[in-house]
Amino acid sequence: MNARKNIVVVGHGMVGHRFVQEMRARDLAGTHNVVVLCEEPVPAYDRVGLSSYVGVWDPAAMALAGNDYGDDDLVDLRLGESATMIDCAAREVTTSAGDRISYEALVLATGSYPFVPPVEGADNARAFVYRTLGDLDAIRVAAEAAGPGAPGLVVGGGLLGLEAANALRLLGMTPHIVEFAPRLMPLQVDEGGGAVLANLVTELGLSVHTGVSTTAIADDAGTGMLAVTLSDGTVLDAALVVFSAGVRPQDALARTAGLQVGERGGVVVDTACRTSEPGVYAIGEVAAVEGRCYGLVAPGYTMAEIAAEQILARSDARFPGADMSTKLKLLGVDVASFGDAMAATPGALEIVHSDPVAGTYKKLVVADDMRTLLGGILVGDAEAYATLKPLVGREIPADPSALIATGGEPGPGLAKLPDDAEICSCNGVSKGSICGAIAEGACTVADIKKCTTAGTTCGGCVPSITKLLADSGVELSKSLCEHFTQSRAELFSIVAATGIRSFSELLTRFGTGLGCEVCKPTVASILASTSSDHILDGEMAALQDTNDHFLANLQRNGTYSVVPRMPGGEVTPDQLIVIGEIARDFGLYTKITGGQRIDLFGARVEELPLIWRRLVDAGMESGHAYGKSLRTVKSCVGSTWCRYGVQDSVGMAVTLERRYRGLRSPHKLKLGVSGCARECAEARGKDVGVIATDAGWNLYVGGNGGQSPKHAELLASGLDDETLIRYIDRYLMLYIRTADRLQRTAPWQEAFDGGLEKLRDIVCQDILGIANDLEAAMTRHVAGYRDEWAAVLDDEDKLRRFVSFVNAPDTPDPTIAFDDSSGRKVPVLLGSPAFPTR
Amino acid sequence: MTILETDPQAGESAFPEPNAVGTRARGTAPLAEPAEWVAVCPVTDLTPGRGVAALLGDQQVAVFLLGFPAGSPDLRAVGNIDPFGRAAVMSRGLVGSRGAVRTVASPLLKQVYCLDTGACLDDDTYALPVYPVRVSAGVVEVARWVDAA
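The listed protein sequences correspond, in order, to chains D and U. Counting from 1, one number per residue, gives the positions in the first sequence under my numbering. Counting from 839, one number per residue, gives the positions in the second sequence under my numbering.
Spelled out as structure tokens, the structure:
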């Protein structure tokens with residue numbers, strides 16, 4: 001007989017998961033078992049961030065931390081199993097698997113279901129809702145079948161509707177938004193904000209239809225699309241329809257069980273989250289706290305805590321009401337709404353600053369004392385949200401109109417906020433808690449996330465956390481090494497400004513000591529990025545890491561691998577034959593790389609010039625696999641061969657690879673070009689990804705694989721060839737000038753002051769006026785390019801280094817040995833080290 | 839394989855006088871007897887700031903030309919085999935300084951060694967053997983250890 005009491009949780013969404021965590025964190029003695037019924041086939045995921053699933057398509061990336069309770073024996077998580085019946089009298093739940101589980105406490109966290117308005121044809125196979133990963137998978141299939149640029153229609157122009165429209169846009173569709181209210185986001189923004197929002201969204205290529213409803217959806221045999229009829233008689237073509245017109249509490253189970261439900265749905269609970277039946281609780285979107293449902297995650301999290309406290313009888317925790325503030329970046333447009341945004345408080349005054357040119361709308365709602373902030377709306381520029389929102393209910397420490405004026409300081413500044421001001425509203429973390437963590441030694445955003453949970457849900461407060469860290473004086477040393485106190489970016493500026501062309505002069509004037517394996521290659525890279533001199537010329541030769549010094553990749557047994565360049569992955573049969581002959585003649589192990597080229601392993605240092613003589617004679621050149629420089633431009637086969645391709649991706653990849661080959665950078669650079677939205681080249685995993693659409697090229701930046709994979713983000717879309725190349729020139733040069741040593745584009749971009757928006761302003765709008773300079777630098781690089789290997793083969797002096805032993809050039813290194821008995825050639829390392837061990 | 843006892847404590851004078859002709863490497867135990875000077879290459883064949891590998895019978899040596907302070911070549915010679923990676927690569931490492939110590943970093947996993955004592959500065963359980971090196975009539979020579987046994 002199990003002495004433990006059972007808690008059954010119905011629903012494993014964000015709130016259900018949070019409840020289990022809160023419960024397990026409190027029940028240290030292990031007095032309760034928790035059985036979780038999860039209707040979906042995957043455990044709790046980040047539904048708030050649902051649209052980030054688009055493009056990634058990896059459910060694992062959406063998972064909430066700890067959602068499988070892997071090492072917790074007291075939690076029984078049942079995936080794909082729902083509750084079918086509750087017997088309140090017997091305190092028993094029946095599951096879809098036919099199991100009957102008795103409970104001490106039952107927690108309903110069933111969430112909501114999408115509301116589908118009564119539209120004729122709403123059950124069409126190409127009409128979807130927007131709620132689960134499964135919904136998105138289905139939308140993806142339909143969108144991809146329709147092809148890039150096809151129209152997609154979203155019913156609902158609220159928060160969720162704009163999210164859904166964004167998802168369609170990310171899928172390469174051209175979205176229409178149909179909203180019954182006279183403006184977008186009617187619940188969050190007022191008429192003025194709605195107008196600015198509609199302008200911004202329209203500029204992005206979306207069509208907004210407000211003040212109309214959808215009346216019918218029908219298959220149109222003529223176009224093969226759906227014909228969607230609006231209440232004003234308009235008929236729109238759409239490849240698919242997404243209903244995103246709000247949600248309704250998922251209270252069917254509770255109704256059947258006889259629990260009291262609200263007039264507008266939802267399981268009625270008191271402020272302790274108790275339903276009308278003893279032992280039954282409801283939390284999250286399904287709960288109608290004193291009749292009101294809350295559709296945001298933060299109140300749900302609060303309810304999860306309250307229910308855990310109540311069930312364990314630890315305290316009489318009560319729901320305090322909820323903050324319905326929202327800040328979102330929808331379709332790249334900032335929208336924030338907080339406090340009494342609609343000025344419903346008697347006597348409330350509105351201060352509005354609208355700038356149609358800048359595309360911003362800002363409104364503060366203050367009490368009749370003109371000092372106390374009640375709420376506000378920010379559209380187009382929501383930077384002030386982080387500092388304004390915590391001030392709701394407090395006196396504004398400045399003239400309210402100055403806070404929202406164009407060009408003014410955004411908000412009153414974090415420094416002026418009181419300690420109890422809430423910075424992370426998802427997890428209820430105050431400024432004081434964050435500053436406390438900093439005082440106790442947290443010095444990165446990751447540290448703060450770990451010890452306070454701030455910034456772990458929607459991430460909207462991360463800029464504020466970063467600011468608090470910076471304000472507290474936490475400064476991570478940017479020194480390159482013990483010889484240079486400067487960062488790589490600073491040294492780059494010094495080299496550019498002084499024209500210094502040697503390491504020794506740079507060290508004498510700006511450093512100390514004799515240099516090391518960190519600063520020498522870094523300076524060598526800077527010198528290489530700023531000129532077209534050969535990397536083994538003069539003093540430069542002494543600075544290069546072994547890879548650059550021998551123009552090959554050092555492997556673990558002291559041999560090297562050789563990678564000839566194959567622009568865009570193109571290679572001729574004759575070149576393949578030459579490569580095969582070389583591999584055979586030198587006994588090299590051959591492998592296809594992830595970057596669409598061939599790697600030849602096991603070459604001895606003295607063999608490198610012999611191998612390259614033959615490669616160069618066959619028309620091949622250095623692939624720079626050994627350098628912190630452009631590696632490959634991966635491509636799919638594109639429109640020349642592929643039935644789906646819309647542009648010549650191989651042609652563009654070859655152009656880009658030829659343009660940027662030999663470009664030295666802070667870290668390796670990889671590019672990709674896909675000929676259509678199917679993205680077979682995996683371009684979004686590259687530093688620069690180019691994806692073809694009917695309307696031109698879409699340019700993505702800052703992606704990489706590696707230890708923490710990152711998808712590239714959209715920088716610009718619909719570009720012609722010339723503009724595309726200009727933007728890439730600027731982006732890469734800016735990166736080369738300002739990144740830290742060994743910082744790839746993704747972390748550089750993440751840390752870039754002002755973020756992607758600022759980067760876009762610089763690269764696409766040239767707000768700093770440096771675009772010509774960046775382009776000129778790239779033009780110089782392109783004009784000065786020469787194959788490094790061809791140059792070495794023509795230079796007796798440079799060839800002298802490729803020798804096994806300086807005093808025995810005809811003796812190969814006797815310590816190098818291989819074993820190919822298994823069919824795969826592998827290096828054999830020396831025996832155990834016969835060196836002193838003390 | 840020759841085993842060397844090294845004692846980093848004995849080599850505290852980190853910048854020895856350059857071109858110490860005929861002296862044994864600082865900080866090493868007395869040479870196993872007898873030693874034989876082996877010609878490596880003309881000093882003009884070396885690149886300042888880089889190393890070369892040389893074969894001394896069954897031993898591999900990495901010889902570095904650090905520069906020409908006061909006009910004379912400043913040379914160092916250590917074992918060529920990286921004791922961590924167990925590959926003959928030390929001659930391809932980058933030289934430099936850590937504090938007052940002249941160093942070379944393994945090109946494999948970047949452990950740093952003192953060029954005067956051979957001690958690994960990142961893990962004191964490892965060390966490289968150190969070889970006497972000199973210039974004789976413009977030719978770099980390294981002393982070969984001969985196993986006493």
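Idealized CB from N, CA, C, for every residue including glycine. Small disclaimer: the values here were computed from a predicted structure and weren't measured.
**Item:** Simplified DSSP assignment, three categories, for TRP697 (chain D)
**Value:** To locate residue 697 (chain D), count along the first sequence from 1; it is residue 697. Strand.
**Prompt:** In chain D, which residues lie with their C-beta within 7 Å of the C-beta of GLY934 (chain U)?
**Reply:** Along the second sequence, one-based indexing puts residue 934 (chain U) at 96. Simply LEU514, GLY515, CYS516, GLU517 and LYS520.
**Item:** Whole-angstrom distance between SER635 (chain D) and LEU569 (chain D), CA atom to CA atom
**Value:** For the purposes of this step, residue 569 (chain D) is taken as residue 569 along the first sequence, with counting starting at 1. For the purposes of this step, residue 635 (chain D) is taken as residue 635 along the first sequence, with counting starting at 1. Reading off the sequence shown, one finds Gly at residue 569 (chain D), where the question assumed Leu. Near 7 Å, if we compare the C-alpha coordinates of SER635 (chain D) and GLY569 (chain D).
**Message:** For a test of the three-state rule: what should DSSP assign to LEU742 (chain D), helix, strand or coil?
**Reply:** On the first sequence, position 742 is the one that residue 742 (chain D) refers to. DSSP places LEU742 (chain D) in coil when its eight states are reduced to three.
**Item:** chain U residues whose Cβ lies nearer than 8 Å to that of ARG556 (chain D)
**Value:** The sequence position of residue 556 (chain D) within the first sequence is 556, counting from 1. Those are GLY923, ALA925 and LEU946, listed as they occur along chain U.
**Request:** Please report the Cβ distance between ASP962 (chain U) and GLN949 (chain U), rounded to the nearest whole angstrom; I am assuming they are in contact, meaning their Cβ atoms lie under 8 Å.
**Result:** As a first step, residue 962 (chain U) is located in the second sequence; it is residue number 124 there, counting from the start. As a first step, residue 949 (chain U) is located in the second sequence; it is residue number 111 there, counting from the start. Rounded, the Cβ-Cβ distance is 11 Å, inconsistent with contact.
**Request:** Answer yes or no: does any C-beta atom of chain D fall closer than 8 Å to that of ARG888 (chain U)?
**Result:** Position 50 of the second sequence holds residue 888 (chain U). Judged by the 8 Å Cβ criterion, ARG888 (chain U) is in contact with chain D.
**Item:** Secondary structure of TYR113 (chain D), DSSP reduced to three states
**Value:** Mapped onto the first sequence, residue 113 (chain D) falls at position 113. Reduced to three states, the DSSP call for TYR113 (chain D) is strand.
**Asked** In whole angstroms, what separates the C-alpha of THR885 (chain U) from that of LEU588 (chain D)?
**Response** If you number the second sequence from 1, residue 885 (chain U) lands on position 47. If you number the first sequence from 1, residue 588 (chain D) lands on position 588. If you take the alpha carbons of THR885 (chain U) and LEU588 (chain D), they lie about 30 Å apart.
**Prompt:** Mind pulling the chain U residues with CB within less than 7 Å of PHE805 (chain D)?
**Reply:** Walking along the first sequence from the start, residue 805 (chain D) turns up at place 805. Going along chain U in sequence order, the residues near PHE805 (chain D) (Cβ under 7 Å) are ALA891, ALA892 and LEU893.
**Item:** Residue environment, ILE577 (chain D), which counts as buried when at least 16 other CB atoms sit within 10 Å
**Value:** For the purposes of this step, residue 577 (chain D) is taken as residue 577 along the first sequence, with counting starting at 1. Classification of ILE577 (chain D): exposed, given that the 10 Å Cβ count is below 16.
**Item:** Closer than 7 Å at the beta carbon, the chain D residues around CYS952 (chain U)
**Value:** Stepping through the second sequence from its first residue, residue 952 (chain U) is reached at position 114. Going along chain D, no residue has its Cβ under 7 Å from CYS952 (chain U), so there is no contact; the nearest lies around 13 Å.
**Message:** In this structure, how does DSSP classify TRP748 (chain D) when only helix, strand and coil are distinguished?
**Reply:** Within the first sequence, the letter at position 748 stands for residue 748 (chain D). Residue state, collapsed to three classes: helix.
**Asked** Under the rule that 16 or more other beta-carbon atoms within 10 Å means buried, what is ARG126 (chain D), buried or exposed?
**Response** Position 126 of the first sequence holds residue 126 (chain D). Buried, since its Cβ has 16 or more Cβ neighbours within 10 Å.
**Message:** Suppose the cutoff is 7 Å on Cβ atoms and the five residues either side in sequence are ignored; what does the same chain contact list for LEU259 (chain D) look like?
**Reply:** Here residue 259 (chain D) corresponds to residue number 259 of the first sequence, with the count starting at 1. Counting only Cβ-Cβ distances below 7 Å, and skipping sequence neighbours, we find VAL267, THR275, SER276, GLU277 and VAL280.
**Request:** Using alpha carbons as the reference points, say which of D:TYR361, D:LEU374 and D:GLY359 lies closest to PRO346 (chain D).
**Result:** Counting from 1 along the first sequence, the entry for residue 346 (chain D) is found at position 346. With distances taken between CA atoms, PRO346 (chain D) lies nearest to D:LEU374 out of D:TYR361, D:LEU374 and D:GLY359.
**Between the CA atoms of ALA925 (chain U) and THR840 (chain U) - distance to the nearest angstrom** = Here the question's residue 840 (chain U) lines up with position 2 in the second sequence. Here the question's residue 925 (chain U) lines up with position 87 in the second sequence. With a pLDDT of 36 at THR840 (chain U), under the threshold of 50, the modelled position of this residue cannot be trusted, and the question is left open.
**Message:** Tell me the DSSP secondary structure of VAL977 (chain U) in three-state form.
**Reply:** Here residue 977 (chain U) refers to the residue found at position 139 of the second sequence. The answer is strand: DSSP assigns VAL977 (chain U) an E or B state.
**Asked** Which residue spans inside the region 572-603 of chain D form an unbroken beta strand (DSSP E) run of at least 3?
**Response** Within the region 572-603 of chain D, the complete beta strand (DSSP E) runs of at least 3 residues are 589-592 and 598-603.
**Prompt:** What is the DSSP secondary structure of ARG536 (chain D), reduced to helix, strand or coil?
**Reply:** Against the first sequence, residue 536 (chain D) aligns to sequence position 536. Reading off the sequence shown, one finds Leu at residue 536 (chain D), where the question assumed Arg. In the three-state DSSP reduction, LEU536 (chain D) falls in the coil class, being neither helix nor strand.
**Message:** Here's the rule I'm using: 16 or more other beta-carbon atoms within 10 Å means buried, otherwise exposed. How should LYS416 (chain D) be labelled?
**Reply:** Position 416 of the first sequence, counting from 1, holds the residue named residue 416 (chain D). Burial call: exposed.
**Request:** Take ALA751 (chain D) as the anchor and find which of D:VAL445, D:SER425 and D:ALA716 has the nearest alpha-carbon.
**Result:** In the first sequence, residue 751 (chain D) corresponds to position 751, counting from 1. Taking only the C-alpha atoms, the option nearest ALA751 (chain D) is D:VAL445.
**Asked** Under a Cβ-count criterion, where at least 16 other Cβ atoms within 10 Å of its own Cβ denotes burial, should GLY860 (chain U) be classed as buried or exposed?
**Response** Position 22 of the second sequence, counting from 1, holds the residue named residue 860 (chain U). Confidence at GLY860 (chain U) is low in this model, with a pLDDT of 32, below 50, so its placement is unreliable and no value can be given for it.
**Prompt:** Given a threshold of 16 other Cβ atoms within 10 Å of its Cβ, counted over all protein chains shown, does GLU120 (chain D) qualify as buried or as exposed?
**Reply:** Counting from one through the first sequence, the residue named residue 120 (chain D) turns up at place 120. Looking at its Cβ environment, which holds fewer than 16 other Cβ atoms inside 10 Å, GLU120 (chain D) is exposed.
**Prompt:** How about ILE849 (chain D) and LEU600 (chain D): are their beta carbons less than 8 Å apart?
**Reply:** No answer is possible for residue 849 (chain D): the residues shown for chain D start at 1 and end at 838.
**Prompt:** Among D:ARG584, D:ARG631, D:PHE586 and D:LEU64, which residue has its Cα nearest to the Cα of ARG597 (chain D)?
**Reply:** One-based indexing of the first sequence puts residue 597 (chain D) at position 597. Selected option, being the one with the closest Cα: D:ARG631.
**Prompt:** Between the beta-carbon of CYS293 (chain D) and the beta-carbon of PRO320 (chain D), is there less than 8 Å?
**Reply:** Sequence index remark: in the first sequence, residue 293 (chain D) carries index 293 (1-based). Sequence index remark: in the first sequence, residue 320 (chain D) carries index 320 (1-based). With respect to PRO320 (chain D), CYS293 (chain D) sits apart: the two C-beta atoms are not nearer than 8 Å.
**Prompt:** Where GLY432 (chain D) and ALA439 (chain D) are concerned, what is the direct C-alpha to C-alpha distance, given to the nearest angstrom?
**Reply:** Looking up residue 432 (chain D) in the first sequence gives position 432. Looking up residue 439 (chain D) in the first sequence gives position 439. Between GLY432 (chain D) and ALA439 (chain D), the alpha-carbon positions lie close to 10 Å from each other.
**Asked** Can you name the residues of chain D whose CB is closer than 7 Å to the CB of THR885 (chain U)?
**Response** For the purposes of this step, residue 885 (chain U) is taken as residue 47 along the second sequence, with counting starting at 1. Per Cβ cutoff of 7 Å: ALA541 and ALA542.
**Prompt:** In terms of residue numbering, what span does the alpha helix (DSSP H) encompassing LEU170 (chain D) cover?
**Reply:** As a first step, residue 170 (chain D) is located in the first sequence; it is residue number 170 there, counting from the start. Taken as a continuous stretch (DSSP letters only), the alpha helix (DSSP H) holding LEU170 (chain D) covers 159-170.
**At least three beta-carbon pairs within less than 8 Å, the region 150-170 of chain D to the region 46-55 of chain D** = Contact between the region 150-170 of chain D and the region 46-55 of chain D is present: three or more C-beta pairs spanning the two stretches fall below 8 Å.
**Item:** chain U contact for THR640 (chain D) (CB, 8 Å cutoff)
**Value:** Reading the first sequence from its first residue, position 640 is the one you call residue 640 (chain D). Interface with chain U (8 Å Cβ-Cβ cutoff): THR640 (chain D) is excluded.
**Request:** With 8 Å as the threshold, decide whether the Cβ of ASP810 (chain D) is near any Cβ in chain U.
**Result:** Here residue 810 (chain D) is taken as the residue at index 810 of the first sequence, counted from 1. No, its Cβ sits nowhere closer than 8 Å to a Cβ of chain U.
**Request:** Measure the alpha-carbon distance for TYR785 (chain D) versus GLN897 (chain U) and round it to whole angstroms.
**Result:** Stepping through the first sequence from its first residue, residue 785 (chain D) is reached at position 785. Stepping through the second sequence from its first residue, residue 897 (chain U) is reached at position 59. Those two C-alpha atoms are separated by around 42 Å.
**Message:** Would ARG930 (chain U) pass as an interface residue toward chain D - the criterion being a Cβ-Cβ separation below 8 Å?
**Reply:** By one-based count along the second sequence, residue 930 (chain U) stands at place 92. So, interface residue.
**Prompt:** To the nearest angstrom, how far is it from the Cα of GLY147 (chain D) to the Cα of LEU240 (chain D)?
**Reply:** Taking the first residue of the first sequence as position 1, residue 147 (chain D) is located at position 147. Taking the first residue of the first sequence as position 1, residue 240 (chain D) is located at position 240. Taking the straight line from one Cα to the other gives about 12 Å.
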